[in-house]
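Here's the structure, in structure tokens; my notes come after.
Residue numbers (my numbering): 20 to 278.
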């Protein structure tokens with residue numbers, strides 16, 4: 020994990036480089052924005068593994084949740100644990116940790132915060148989301164705490180997630196025009212895309228964990244959701260939100276659209 024923990028500034032730069040029109044959409048939201056935070060929690064052995072790009076350890080994983088299908092926004096989607104800032108929170112770290120504990124039962128002991136990454140506005144919900152990057156030095160048990168909010172909690176192996184056979188892009192058209200295209204990953208029935216997929220792609224690139232994959236493999240988003248057997252629903256507003264805050268679509272129409 021040294022490539023990640025010792026090179027946090029490169030992660031910040033990678034996220035910033037894929038940020039697109041962050042400031043423009045933040046100005047559109049104006050005073051309506053609400054602060055939120057997510058916990059990007061990565062576990063794994065400290066040493067580097069010589070058999071994988073960037074020395075990614077074979078036991079490295081990332082903590083993800085699948086949101087309940089009954090939620091009003093982003094239902095059924097895979098995400099990092101997180102949510103809105105509450106009064107009294109030590110934002111953003113306190114918010115990210117509190118939400119992760121509420122959603123997964125995570126204990127703060129053993130979690131080492133590395134950095135606060137650049138925040139991103141999400142116009143459809145009015146949130147300005149700040150990712151908190153952390154290393155899970157001593158992992159413990161995690162589980163679904165409230166089935167009304169969370170359908171699944173998973174520690175997803177990063178080598179498996181980043182493998183070429185599990186990586187592609189998804190695209191959604193609205194009224195015949197492309198509204199969204201961005202990185203996606205599919206593992207064990209979990210379709211990771213949008214804000215979460217884009218952030219994972221940015222971190223992997225900065226840490227040197229990427230392996231060659233087919234960036235021309237672009238699948239309709241609805242087809243990918245069906246293939247995953249996912250309960251998530253994606254309306255036009257959600258897709259336009261992802262397109263607008265540009266975490267995923269960094270401009271251009273080349274091979275991989277940068278998140």
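Cβ coordinates follow ideal geometry from the N, Cα and C atoms, glycine included. These figures come from a predicted structure and were not determined experimentally.
- Message: Looking only at its chain, what residues have a beta carbon closer than 8 Å to the beta carbon of residue 48, apart from the 5 residues adjacent to it on each side?
- Response: Here the model assigns residue 48 a pLDDT of 48, short of 50, so the residue's position is not dependable and the matter cannot be decided.
**Prompt:** Which value, in whole angstroms, describes the spacing of the CA atoms of residue 28 and residue 136?
**Reply:** 9 Å
Please find out if some non-hydrogen atom of the ligand ZN comes closer than 7 Å to the beta-carbon of residue 150.
With respect to the ligand ZN, the structure shown offers nothing to examine, as it has no ligands at all.
| Got a sec: is the Cβ-Cβ distance from residue 224 to anything in chain C below 8 Å? | Absent here is chain C; the protein component of the structure consists of one chain.
**Message:** I'd like the span of the alpha helix (DSSP H) that includes residue 147, first residue to last.
**Reply:** Not the alpha helix (DSSP H): residue 147 falls in the beta strand (DSSP E), residues 146-155.
| In this structure, does DSSP put residue 185 in helix, strand or coil? | helix
Who are the Cβ neighbours of residue 34 in its own chain at under 6 Å, not counting the five residues just before and after it?
136, 137, 221
Practice task
For the beta strand (DSSP E) holding residue 168, just list the boundary residues, first then last.
Solution key: No beta strand (DSSP E) contains residue 168, which DSSP labels as neither H nor E.
- With a cut-off of 8 Å, do at least 3 Cβ pairs link the segment 61-68 to the segment 202-219? no
*asked:* I'd like to confirm the pairing. Which residues does DSSP put opposite residue 54 in its beta bridges?
replied: 147
For the alpha helix (DSSP H) containing residue 99, list its first residue and its last residue. No alpha helix (DSSP H) holds residue 99; DSSP gives it neither H nor E.
Exercise for the section: Given a cut-off of 8 Å, decide if residue 225 and residue 188 are closer than it, judged by their beta-carbon atoms. Expected result: no
**Message:** Helix, strand or coil, according to DSSP, for residue 87 in the structure here?
**Reply:** coil
- For residue 168 versus residue 83, is the C-beta distance shorter than 8 Å? no
Does DSSP classify residue 80 as helix, strand or coil? strand
(message) Checking 8 Å against the spacing of the C-beta atoms, do residue 206 and residue 180 come in under that value?
(response) yes
Original post:
For residue 31, which beta-bridge partners are listed by DSSP?
Top reply: According to DSSP, which records beta bridges pairwise, residue 31 is partnered with nothing at all.
Worksheet item: Can you tell me the Cα-Cα spacing of residue 154 and residue 195, whole angstroms?
Response: 43 Å
Q. Can you tell which of 229, 209, 214, 227 has its C-alpha closest to the C-alpha of residue 243?
A. 209
* Taking just the CA atoms, how far does residue 165 sit from residue 36? -> 36 Å
| task | Would you please state the rounded distance, in angstroms, between the beta carbons of residue 119 and residue 58? I believe it to be under 8 Å. | result | 4 Å
query: Going by alpha carbons, who is nearest to residue 74 out of 23, 86, 55?
result: 23
* **CB contact flag (residue 232, residue 186, <8 Å)** => yes
**Report entry** alpha helix (DSSP H) segment containing residue 217, residue limits
**Finding:** 213-226
For residue 103, three-class secondary structure by DSSP
strand
query: What is the DSSP secondary structure of residue 202, reduced to helix, strand or coil?
result: strand
Applying the criterion that 16 or more other CB atoms from any shown protein chain within 10 Å of the CB defines a buried residue, is residue 53 buried or exposed? exposed
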